[in-house]
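The structure appears right after this line, and notes come after that.
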Amino acid sequence: MTSPCTVHYADRSIGITGPSLMFANPHIPYSIELHDPRLTGYSCLFTEAFMKENDRSESLQQSPLFKVGGTPVFHLNEAQAAYAQGIFEKILAEQSTEYLYKGDLIRTYLHLLIHEALRMQPTESYVQHKNASSRITALFLELLERFFPVESPGQSLPLKTAQDFAHQLGVHVNHLNRAVKEVTGKPTTTHIAERVIGEAKALLHHTSWSTAEIAYSLGFEYPTYFNNFFKKHTGTTPLAYRRDAEQVADA
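For the sequence shown, our numbering gives the first residue as 1007, with consecutive numbering after it.
Structure (structure tokens):
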């Protein structure tokens, strides 16, 4: 982005007055206060699944840029701004081509942006945490991500509740809940539910497992519990979601 603005997080605000590269963490809510009527620049929205399409064994969260408490904004000099702009323009141009492997090429461009930012960030800052809350939250999010993706219908999530995660991390559940809410703005249970729903959608869309198998693999004792949970968070049933996803894929 190149417009003057301020990026507000729960625990800090970052002023931007010139060309900057910003990485938004899906776990961390933020808002942008514009100091100019128009926001100019480039943006690229991508999912972790897209970045991991050829390698499901490694999480994008392992990048320091996407960790809680990491550095989300990088101020660019003239050369760095020109380099980043060139990559964004290549991504935009590639999206309209018929190149068979354009997804791989776009992933490569995104990795180039990530590595350019990593070169600007001192290594010693990777493991520093602002306080105990950010440290505990980072540990929780990394532990949550460790159980995904679910690779087998015989697999079952070992930790299902905030209490389970607190016990695994060796902290009181109230301490965990306060820390996660303070840093991310969302309760621990919301993070768990969102991750389970995301995996449920992926399994319904990309596997032929029955809803019962998916329910057990996600830690639900009975399929009806899974059905009720899924409908509560999505407004539809697992079978209806699978049917709609198949219709979209066939269209």
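Just so you know, even glycine gets a beta-carbon here, dropped at the ideal spot from N, CA and C.
Between V1179 and T1143 a beta carbon distance of about 14 Å is seen, past the 8 Å cut, so the two are scored as non-contacting. Counting the other Cβ atoms within 10 Å of the Cβ of R1248 gives 16 or more, which makes it buried. Considering only L1098, A1199, A1087 and T1008, the residue with the shortest C-alpha distance to T1240 is A1199.
When rounded, the separation of the alpha-carbon atoms in F1171 and L1245 is 30 Å.
Look at V1013 here: in three-state DSSP terms it is strand. Residues Y1222, S1223 and G1225 of the same chain have their beta carbon placed closer than 7 Å to that of S1162, with the five preceding and five following residues left out of the count.
DSSP, read as helix, strand or coil, puts E1157 in coil. In the DSSP assignment, H1081 falls within the unbroken beta strand (DSSP E) covering V1079 to H1081. Under the three-state reduction of DSSP, G1024 is assigned to coil, being neither helix nor strand. The continuous stretches of beta strand (DSSP E) do not include L1116, which lies in the alpha helix (DSSP H) extending over residues K1108 to M1126. Taking T1196 as reference, the option from V1156, F1146 and L1210 with the minimal CA-CA separation is F1146. The beta carbons of S1139 and A1185 sit about 4 Å from each other, so the pair counts as a contact at 8 Å. Counting only residues of its own chain and dropping the five nearest sequence neighbours on each side, L1082 has a CB closer than 8 Å to the CB of G1024, P1025, S1026, L1027 and A1090.
The three-state reading of DSSP puts E1039 in strand, counting E and B together.
Judged by DSSP in its simplified three-state form, S1140 adopts helix. S1216 is bridged by DSSP to nothing; it lacks a bridge partner. Between the C-alpha atoms of A1055 and P1229 there is a straight-line separation of about 26 Å.
G1047 is not a Cβ neighbour of T1012, given a cutoff of 8 Å. One alpha carbon belongs to V1177, the other to E1151, and they sit about 19 Å apart. Secondary structure note for Y1089: its alpha helix (DSSP H) is the uninterrupted segment E1084 to Q1101.
Straight-line measurement puts the Cα of L1116 at about 12 Å from the Cα of L1098. By the CB criterion at 8 Å, T1194 and A1168 fall inside the cutoff. In the three-state reduction of the DSSP assignment, S1049 falls in the coil class. Of E1157, P1159, L1149 and S1158, the smallest CA-CA separation from K1166 is found for L1149.
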